Amino acid sequence: MTSLKLHKISTQNTKAKKSKKLVMADKKPFVLVVEDDMNSQKLMKYYLQDSYDFDFSVSVTGAMEKLKSQHVDIILLDLSLDNMENGLDLARYIRKKDKWPNIFIIATTAHVHITDQINCIAAGCNDYLSKPIKREMLLEKMIHTTVYNLDERPD
940 MTSLKLHKIS
950 TQNTKAKKSK
960 KLVMADKKPF
970 VLVVEDDMNS
980 QKLMKYYLQD
990 SYDFDFSVSV
1000 TGAMEKLKSQ
1010 HVDIILLDLS
1020 LDNMENGLDL
1030 ARYIRKKDKW
1040 PNIFIIATTA
1050 HVHITDQINC
1060 IAAGCNDYLS
1070 KPIKREMLLE
1080 KMIHTTVYNL
1090 DERPD
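The following block contains the structure:
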């Protein structure tokens, strides 16, 4: 029997931290969208542009480079990328590093079987959305991830 390790974002809800979050609520969470399909990128831009800062990467390698230079709160991760890249390789890479324990990873994929969902969670994704992605579903999942510790977030 295989056991799955669920990945949680650490949140501390002390009164001091809550009040600081309210004061600093003008900081938009940063989303890295790892997606190689231009139409999907346009859709994500439309969905995210009002409430999030974001950037795109078309490959696992490109996403790894962006992680080194940009603070990322959330990753929207396509699983099937060009050049036979598997997005889950990025999730595994992030979870092996202590540098990014609070990045919330949402797998976005056309793969809809329960085994695909299990593989996403086992690789380190926090959540899963099947394509086509509906705006309401995406934003609902993302709003729960924006409770992060602003004391640890760089300016």
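Numbering-wise, the sequence shown is residues 940 to 1094 according to our numbering. Where is the CB? At the ideal position from N, CA and C, for every residue including glycine. Remember, predicted model here, so these are calculated numbers, not experimental data.
Assign residue i to one of two classes, buried (16 or more other C-beta atoms within 10 Å of its C-beta) or exposed (fewer than that).
i               : result
glutamate 1079  : exposed
asparagine 1058 : buried
alanine 1030    : buried
aspartate 1051  : Sequence inspection shows valine at residue 1051; the aspartate mentioned does not correspond to that position. Result: exposed.
methionine 1023 : exposed
methionine 1081 : buried
tyrosine 1087   : Caution is warranted here: a pLDDT of 47 is assigned to tyrosine 1087, below 50, making its placement in the model unreliable, and the coordinate value is therefore given only provisionally. It counts as buried.
Are the Cβ atoms of residue i and residue j separated by less than 8 Å?
i             : j              : result
glutamate 974 : aspartate 1017 : yes
serine 996    : leucine 1015   : no
leucine 1055  : threonine 1047 : For the record, residue 1055 in the displayed sequence is aspartate; it is not leucine. The answer is no: Cβ separation not under 8 Å.
alanine 1002  : leucine 1027   : no
Taking the alpha carbon of residue i as the reference point, which residue from the options has its own alpha carbon closest?
i              : options                            : result
aspartate 992  : Asp1037, Asn978, His1010, Leu1027  : His1010
serine 990     : Ala1049, Pro968, Lys1070           : Pro968
asparagine 880 : Leu1006, Gly1026, Glu1024, Ser1019 : Lying before the first or after the last residue shown, residue 880 is absent from the chain, which here runs from 940 to 1094.
valine 999     : Arg1074, Met977, Ser1019           : Ser1019
asparagine 978 : Lys1038, Met1076, Ile1072          : Ile1072
Only counting the same chain, and skipping five residues up and downstream in sequence, which positions put a Cβ closer than 6 Å to that of residue i?
i               : result
isoleucine 1044 : Ile1014, Leu1016, Ala1030, Cys1064, Asn1065
aspartate 1021  : Asp975
arginine 1074   : Tyr986
serine 1069     : Val1051
Report yes if the C-beta of residue i is less than 7 Å from at least one heavy atom of the ligand SAH; otherwise report no.
i             : result
cysteine 1059 : As presented, the structure is devoid of all ligands, the ligand SAH included, so that no description of it is given.
Tell me, please, whether the CB atom of residue i is closer than 8 Å to any CB atom in chain C?
i               : result
asparagine 1058 : Among the protein chains of the structure shown there is no chain C, as only one such chain exists.
Might you give, ordered along the chain, the residues of its own chain that have their beta carbon closer than 8 Å to the beta carbon of residue i, omitting 5 neighbours on each side?
i              : result
serine 1008    : none
histidine 1083 : none
Exercise. At a cut of 8 Å, does the stretch 976 to 984 reach the stretch 1030 to 1039 through at least three beta carbon pairs?
Worked result: no
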